[in-house]
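Take a look at the structure below.
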Amino acid sequence: MNEHIQKPKRKKRIQVNILIRMVLSLIIAIAINSLLVQLFKKISSITEWHWFRNFFPYLLTPLFMVIFIFTFLVLTRRIVRDLITLEQGLQFISEGNLHYRVPVVRQDELGRVAHNINRMTERLEQQIVKEREIEKSKMELITGISHDLRTPLTSIIGYIELLRTDSYQDKDEYTRFVQNTYNKAIHLKKLLDDLFEYTRLTSVDTHLNLRRINLFQLLDQLLFEFEPIAQENGVYIVKDIGDSSIITSVDSDKMARAIDNLLMNALKYSLKPGRICIRLQATPEQITIKVENEGIPLTQDQKEKLFDRFYKVDHSRSSEGIQTGAGLGLSIARNIVELHQGTLTLNHTNNTFIFQLNLPTDRSSSS
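Numbering (numbering that gives the first Met the number 0), first residue to last: 0 to 366.
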């Protein structure tokens with residue numbers, strides 16, 4: 000695909016070009032006819048061809064027309080050639096060759112027609128590529144859903160079958176089967192919740208319930224609830240969030256979901272034992288939340304795909320005590336942040352991961 004289609008710079012009217020060639024053809028035809036008349040007079044004065052003298056006047060008009068038409072065709076052959084090129088280009092494009100581009104060699108209406116044909120073809124090609132990507136995305140969505148839901152569902156069915164057929168040895172094993180079934184059901188519900196949240200965030204009619212809240216209090220509450228979970232998994236929390244109120248307009252439920260997803264992602268992929276450092280900063284330009292942890296380094300390909308939906312890094316990096324998700328957590332977090340006109344990026348150096356969430360402060364004030 001051509002990245003750039005050259006647009007004609009000057010606007011010359013093809014009617015003027017044709018008119019000029021017509022006038023030139025007329026002048027040339029008149030000039031040649033005049034020369035023929037002068038030649039006829041000389042021949043008449045030398046010879047006594049009376050029949051030629053009587054017949055020649057009838058030849059002047061046909062000769063003039065033939066000379067005029069021939070000259071006009073010669074002078075307009077380039078225009079005709081460019082028209083043929085346009086016709087051939089349209090033929091190639093109509094046969095499905097969307098990589099073809101009509102040469103833009105003129106600066107008049109024909110040049111603009113060629114430019115518009117190329118622009119139309121490029122947009123059509125982009126639209127087809129986009130539709131193919133959407134179709135591929137749908138297939139990946141179906142595949143991802145099927146794969147992630149099948150695992151816990153299969154486990155639930157297996158445990159229920161064991162319970163249904165009384166295939167347990169004692170009360171303790173029965174309790175363990177019930178507890179495992181419950182855990183798998185909760186996991187399945189979380190996967191469905193993530194999927195529902197993702198589809199809702201990516202729909203065209205998504206809207207935010209913006210309210211002015213204290214972002215410091217929201218983050219502090221989330222860390223208060225998160226700290227016991229982190230300690231159970233051998234990770235301690237380092238808080239650097241200050242103690243000042245940061246009032247801003249956000250959708251508190253969605254923003255809490257985004258921050259919680261970042262914290263859970265850091266917990267899953269942190270080295271154990273380890274630490275997670277959370278920082279909160281506010282400037283006149285933006286509010287920044289950083290979640291830092293140490294883990295196994297990523298390849299460049301893994302880093303580029305990290306925010307893609309259903310993408311999950313090798314399960315060997317995850318904590319055994321934490322159930323794996325559907326690979327939607329970071330994608331959901333980024334969608335939520337972007338809905339708030341912010342950004343979510345990853346700064347990855349060696350084994351250090353810093354997820355940086357930036358929100359604009361044009362709607363907020365600090366105290």
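Backbone N, C-alpha and C fix where the C-beta goes; we use that ideal spot for every residue, glycine too.
Cα-Cα, which of the options is closest to residue i?
{"i": "residue 14", "options": "103, 109, 67, 38", "result": "109"}
{"i": "residue 370", "options": "39, 161, 68", "result": "No information on residue 370 is available, as it lies outside the stretch 0 to 366 that the chain covers here."}
{"i": "residue 228", "options": "284, 340, 275, 243", "result": "275"}
{"i": "residue 123", "options": "95, 147, 142, 106", "result": "95"}
{"i": "residue 67", "options": "287, 29, 329, 198", "result": "29"}
{"i": "residue 151", "options": "193, 179, 163, 136", "result": "179"}
{"i": "residue 288", "options": "300, 62, 106, 255", "result": "255"}
{"i": "residue 196", "options": "252, 93, 173, 286", "result": "252"}
{"i": "residue 104", "options": "97, 112, 98", "result": "112"}
{"i": "residue 18", "options": "69, 60, 74", "result": "74"}
{"i": "residue 71", "options": "166, 231, 23", "result": "23"}
{"i": "residue 62", "options": "79, 92, 27", "result": "27"}
{"i": "residue 273", "options": "245, 284, 235", "result": "235"}
{"i": "residue 154", "options": "165, 244, 176", "result": "176"}
{"i": "residue 69", "options": "82, 42, 25, 92", "result": "25"}
{"i": "residue 79", "options": "138, 16, 130, 134", "result": "16"}
{"i": "residue 117", "options": "142, 157, 97, 268", "result": "97"}
{"i": "residue 290", "options": "158, 346, 192, 170", "result": "346"}
{"i": "residue 286", "options": "159, 164, 244", "result": "244"}
Hey, would you say residue i sits closer than 8 Å to residue j, going by beta carbons?
{"i": "residue 260", "j": "residue 332", "result": "yes"}
{"i": "residue 278", "j": "residue 247", "result": "no"}
{"i": "residue 250", "j": "residue 207", "result": "yes"}
{"i": "residue 341", "j": "residue 327", "result": "no"}
{"i": "residue 270", "j": "residue 232", "result": "no"}
{"i": "residue 12", "j": "residue 107", "result": "yes"}
{"i": "residue 149", "j": "residue 120", "result": "no"}
{"i": "residue 358", "j": "residue 205", "result": "no"}
{"i": "residue 344", "j": "residue 284", "result": "no"}
{"i": "residue 257", "j": "residue 335", "result": "yes"}
{"i": "residue 329", "j": "residue 264", "result": "yes"}
{"i": "residue 262", "j": "residue 223", "result": "no"}
{"i": "residue 181", "j": "residue 173", "result": "no"}
Between which two residues does the beta strand (DSSP E) harbouring residue i extend?
{"i": "residue 230", "result": "Looking at the DSSP string, residue 230 is not in any beta strand (DSSP E); the run it does join, the alpha helix (DSSP H), is 214-231."}
{"i": "residue 248", "result": "245-249"}
{"i": "residue 236", "result": "234-239"}
{"i": "residue 285", "result": "285-293"}
{"i": "residue 367", "result": "Residue coverage of the chain in this structure runs from 0 to 366, which leaves residue 367 outside it and unanswerable."}
{"i": "residue 359", "result": "351-359"}
{"i": "residue 280", "result": "273-281"}
On the DSSP letters alone, give me the boundaries of the alpha helix (DSSP H) that residue i sits inside.
{"i": "residue 369", "result": "In this structure the chain extends from 0 to 366, so residue 369 is not present and cannot be described."}
{"i": "residue 328", "result": "328-338"}
Examine the ligand HEM and report whether any of its heavy atoms sits within less than 7 Å of the Cβ of residue i.
{"i": "residue 118", "result": "What this structure holds is no ligand at all, so the ligand HEM is not there to describe."}
Within 8 Å of any Cβ in chain B, is that where the Cβ of residue i sits?
{"i": "residue 341", "result": "Looking at the structure shown, chain B is missing, and only one protein chain is on hand."}
- Length-filtered (3 minimum) beta strand (DSSP E) runs lying within the region 33-100: none
- Query: Counting pairs of Cβ atoms below 8 Å between the region 81-95 and the region 25-35, do you hit three or more?
  - Reply: no
- Query: Using 8 Å as the Cβ pair cut-off and three pairs as the minimum, do the region 213-225 and the region 182-192 touch?
  - Reply: Contact fails: fewer than three Cβ-Cβ distances are below 8 Å.
- Message: Would you call the region 341-360 in contact with the region 292-302, where contact means no fewer than 3 C-beta pairs closer than 8 Å?
- Response: Touching, yes, given that three or more Cβ pairs across the two stretches are closer than 8 Å.
- Task: Indicate whether the contact test is met: 3 or more Cβ pairs, each with one atom in the region 205-216 and one in the region 229-246, closer than 8 Å.
- Result: yes
- Write down every uninterrupted run of the beta strand (DSSP E) in the region 97-121 whose length is 3 residues or greater and which is fully enclosed by it, in chain order. Within the region 97-121, no run of beta strand (DSSP E) at least 3 residues long lies entirely inside it.
- Message: As an exercise, report each continuous beta strand (DSSP E) stretch of at least 3 residues that is fully enclosed by the region 129-170, in chain order.
- Response: none
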